[in-house]
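First the structure, in the form of structure tokens, and then the observations on it.
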Amino acid sequence: MSLINRQLRLKTRPEGLVRREDFDLVEQPVPALKDGEVLVRVLYISMDPTNRVWMRDIPQYLPPVAIGEVMRALGLGRVVQSRSAQYHEGDLVQGVTGWQDYLVLHENANGYVRLPADPGIPLPTLLGAAGMNGVTAYYGLTEIAPVQPGETLVVSAAAGSVGSVAGQIGKIMGARVVGIAGGADKCRYLTDELGFDAAVDYKAADFKQQLKAATPDGVHVNFENVGGEVMRAVLSRMVIGGRVALCGLISSYNSTERPSDDFGVFVMKRLSMRGFLVLDYTKTREAVQALGGWIREGKLKAEETVAEGLENAPEVLNRLFDGSHRGKLVLRVAAQA
Ligand SMILES: NC(=O)c1ccc[n+]([C@@H]2O[C@H](COP(=O)([O-])OP(=O)(O)OC[C@H]3O[C@@H](n4cnc5c(N)ncnc54)[C@H](OP(=O)(O)O)[C@@H]3O)[C@@H](O)[C@H]2O)c1
């Protein structure tokens with residue numbers, strides 16, 4: 001009996017939040033493998049804010065997903081058939097899986113990592129704290145804007161995947177860490193469970209006063225995930241010569257309006273800001289080893305929110321924008337193959 005592959009293909013470019021109607025759910029038989037190909041059963045799909053950017057027809061670091069194309073996404077799957085000497089049945093494969101049940105992968109395709117059948121770390125964690133998101137936080141704080149012991153680090157979207165790791169790495173590096181998140185529960189999570197020194201609720205009416213109280217010595221390093229009003233408030237608290245690791249600007253991803261350019265503060269405070277993309281780091285062994293070590297030693301808490309069902313991918317992606325998850329948001333599309 002032939003296997004059926006379900007795919008979510010981009011039908012219309014979403015405006016604002018993503019709707020299920022923006023995608024076609026297509027079912028078709030999995031093709032027979034050719035020499036050098038493997039069939040991967042997708043197990044988990046990584047839900048990333050950048051997925052929303054990929055749906056937009058704007059200049060960006062990768063081509064936008066074309067209308068009719070399977071929605072691009074990172075993920076993790078298991079090889080269930082192989083006509084390659086390089087991949088064996090049972091191997092785990094990480095890379096661009098897309099929003100689909102099965103991926104036909106050529107052994108020479110770039111950007112895929114083969115993992116041992118049992119990597120010793122829960123699979124969702126490999127997409128979060130021990131994977132791409134953890135690596136992003138690691139290089140942001142070790143290479144882009146290194147934070148020194150005793151300095152104050154402010155992290156926005158701090159209860160999310162990248163932010164929660166960035167804040168904990170800041171603590172490991174000896175910084176005073178202040179997290180910004182939406183709501184009292186997430187703020188409590190940051191201080192009580194992740195060991196942040198302070199947390200500030202950007203949804204509270206007194207957000208700016210809270211931020212001022214939490215940063216009595218100013219802000220030396222800002223690990224920025226949000227942009228907009230949140231970022232402006234942090235910049236206003238920065239010390240002269242402060243550094244910004246510009247990781248992301250999630251507050252603008254659903255918007256068609258250009259964020260306002262307000263760079264005066266960079267002059268006044270002689271700030272430096274460096275944007276970065278984790279995909280520029282092709283050799284990530286150092287980061288992955290450090291992250292895995294911290295997780296095993298209990299110094300880095302990895303948390304994931306696991307949603308279910310390929311067909312729910314559009315609605316699940318929206319959870320990145322309403323804040324109804326903690327840690328890494330992943331979508332499970334199959335039980336262990
Ligand atoms: N540079 C890179 O290579 C790279 C790689 C990965 C990710 N990133 C960036 O890192 C950032 C975080 O990504 P992630 O995957 O770790 O997602 P995440 O933090 O797990 O989820 C996004 C969080 O952002 C917050 N948020 C959403 N809309 C917001 C808004 N309008 N204002 C303030 N906060 C808002 C929400 O938290 P609250 O509940 O606190 O509102 C939400 O939980 C994103 O900007 C992403 O693009 C960059």
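Numbering follows full-length UniProt numbering, in which position 94 of the sequence shown is assigned residue number 94; successive positions increment by one, without gaps.
Just so you know, even glycine gets a beta-carbon here, dropped at the ideal spot from N, CA and C.
Residue burial classification, residue i (beta-carbon count within 10 angstroms, cutoff 16)
{"i": "GLY77", "result": "buried"}
{"i": "GLN94", "result": "buried"}
{"i": "LYS34", "result": "exposed"}
{"i": "ALA159", "result": "buried"}
{"i": "ARG52", "result": "buried"}
{"i": "ALA198", "result": "buried"}
{"i": "TYR61", "result": "exposed"}
{"i": "residue 341", "result": "With the chain covering only 1 through 337, there is no way to say anything about residue 341."}
{"i": "LEU74", "result": "buried"}
{"i": "PHE223", "result": "buried"}
{"i": "LYS186", "result": "buried"}
{"i": "ALA117", "result": "exposed"}
{"i": "PRO59", "result": "exposed"}
{"i": "ASP192", "result": "exposed"}
{"i": "MET268", "result": "exposed"}
{"i": "GLN210", "result": "buried"}
{"i": "LEU279", "result": "exposed"}
Contact test: residue i Cβ vs ligand 1 heavy atom, cutoff 7 Å
{"i": "THR152", "result": "no"}
{"i": "LYS186", "result": "yes"}
{"i": "PHE276", "result": "yes"}
{"i": "ILE250", "result": "yes"}
{"i": "ALA290", "result": "no"}
{"i": "PHE321", "result": "yes"}
{"i": "ALA205", "result": "no"}
{"i": "THR50", "result": "yes"}
{"i": "GLY75", "result": "no"}
{"i": "LEU329", "result": "yes"}
{"i": "GLN244", "result": "The identity of residue 244 in the sequence shown is Val, whereas the question assumes Gln. For ligand 1, not one heavy atom lies less than 7 Å from the Cβ of VAL244."}
{"i": "THR97", "result": "no"}
{"i": "THR284", "result": "no"}
{"i": "residue 351", "result": "Outside the displayed range of the chain (1 to 337) lies residue 351, so it cannot be described from this structure."}
{"i": "VAL162", "result": "yes"}
{"i": "VAL226", "result": "yes"}
{"i": "TYR202", "result": "yes"}
Same chain, Cβ closer than 6 Å to residue i, five either side skipped, listed in chain order
{"i": "GLY134", "result": "VAL165, LEU291"}
{"i": "ALA307", "result": "VAL316, LEU331"}
{"i": "HIS325", "result": "THR305, ARG319"}
{"i": "residue 343", "result": "Limits of the chain in this structure are 1 at one end and 337 at the other, which puts residue 343 out of reach."}
{"i": "LEU249", "result": "GLY227"}
{"i": "TYR270", "result": "One detail in the question is off: residue 270 reads as Arg in this sequence, not Tyr. Contacts found: ILE240, GLY241."}
{"i": "ILE286", "result": "The residue you asked about is not Ile; residue 286 is Glu in the sequence shown. Closer than 6 Å at the Cβ level, and outside the excluded window around GLU286, lies no residue."}
{"i": "GLU37", "result": "ARG83, VAL104, HIS106"}
{"i": "LYS171", "result": "VAL177, GLY195"}
{"i": "TYR253", "result": "PRO49, ARG52, VAL53"}
Contact set for residue i: own chain, Cβ-Cβ below 8 Å, skip 5 residues either direction
{"i": "PRO29", "result": "SER2, LEU3, ILE4, ASN5"}
Same chain only: Cβ atoms within 7 Å of residue i, ignoring 5 sequence neighbours per side
{"i": "LEU194", "result": "SER164, GLY167, GLN168, LYS301"}
{"i": "ALA184", "result": "ASP201"}
{"i": "PRO124", "result": "TYR44, GLU304, VAL306, LYS328, VAL330"}
{"i": "LYS208", "result": "ALA233"}
{"i": "residue 342", "result": "Residue coverage of the chain in this structure runs from 1 to 337, which leaves residue 342 outside it and unanswerable."}
{"i": "LEU277", "result": "TYR61"}
Cβ-heavy atom distance, residue i to ligand 2, below 7 Å
{"i": "ASN133", "result": "You won't find ligand 2 in this model; what it holds is ligand 1."}
Discussion item. My parser needs the beta strand (DSSP E) runs of 3 or more residues fully inside the segment 14–38; what are they?
Written reply: 23–29
Worksheet item: Which ranges does the alpha helix (DSSP H) cover as unbroken runs of at least 4 residues, wholly within the segment 195–273, from first to last along the chain?
Response: 207–214, 228–235, 264–268
Practice prompt. Scan the segment 164–189 and note each continuous alpha helix (DSSP H) run of 4 residues or more that stays entirely inside, going in chain order.
Written response: 184–188
Practice prompt. Just list the beta strand (DSSP E) runs in the segment 90–128, keeping only unbroken ones of 3 residues or longer that don't cross its boundaries, in chain order.
Written response: 92–96, 102–106, 113–115
Discussion item. Just to confirm the assignment: which complete beta strand (DSSP E) runs, minimum length 3, are found wholly within the segment 51–86?
Written reply: 74–82
Worksheet item: For the segment 291–322, which segments carrying the alpha helix (DSSP H) assignment without a break, of at least 4 residues, lie completely within its bounds, in sequence order?
Response: 313–322
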